[in-house]
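The numbering of the sequence shown is this note's numbering, which starts it at 685 and goes up by one.
Positions of the beta carbon are idealized from the N, C-alpha and C atoms, including for glycine.
Here the structure is laid out as structure tokens; the discussion comes afterwards.
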Amino acid sequence: MSIFKKHKSKSFKFFIQKFLSFNNLKRMGMYYWFRLNRLPGSTYSISAGFACGSMVSFTPLLGLHFFLAILFAYFLRANFFAALIGTAVGNPITFPFIWGLIYNIGVFITSKQDASIINHISVNMILNQTYEVLLPMLIGASVIALPVWIVSYLVMSAFVSSYKKAKKRKNNNI
């Protein structure tokens, strides 16, 4: 067997399956979890930053998520990096669910009769009939933004404070 033997190249399907495997997703989640907990700053700063990022993920404004997360984090004096990590709540796996939720909430609030439009959304429709799709999504996002911020803040605050207490306890025992 030669060292210089040509290797069989892996297919694109192999790389996608490996990327979306449970072990890889778990590994990435743990990496960002530890990265978030090891950020310098107070529990409030880290938790509020993550909450800002997760809140912004519930908007249909895709190109503006990072900018809006940093803007909200600046006004709340939160951690910018935690806000950027918080935008990972909105990802290609969760976006269909998020957009369906905010669209249905927006349709419910505006009392539109044609709620079945979600089954027929296309790129052409979004570009030409923005009012029928984007307006209900923005209204739904504005309604759900505060509850998402509160829930993600409380969850992250509990996790970060427990992590910091455990780290402090570990350092005191050494």
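DSSP places L709 in the uninterrupted alpha helix (DSSP H) bounded by 706–721. Distance from A757 to N763 at the Cβ level is roughly 7 Å; contact confirmed, criterion being Cβ atoms closer than 8 Å. Each of N855, R719, A850, S841 was checked against the Cα of Y728, and the nearest Cα belongs to S841. Secondary structure at R761: coil, using DSSP grouped into helix, strand and coil. Of the candidates C736, F792, K692, L704, L704 places its Cα closest to the Cα of P776. The region 835–852 makes contact with the region 729–737; the number of CB pairs closer than 8 Å reaches 3 or more. By the CB criterion at 7 Å, G790 and P744 fall outside the cutoff.
CA-CA distance, L746 to S845, rounds to 31 Å.
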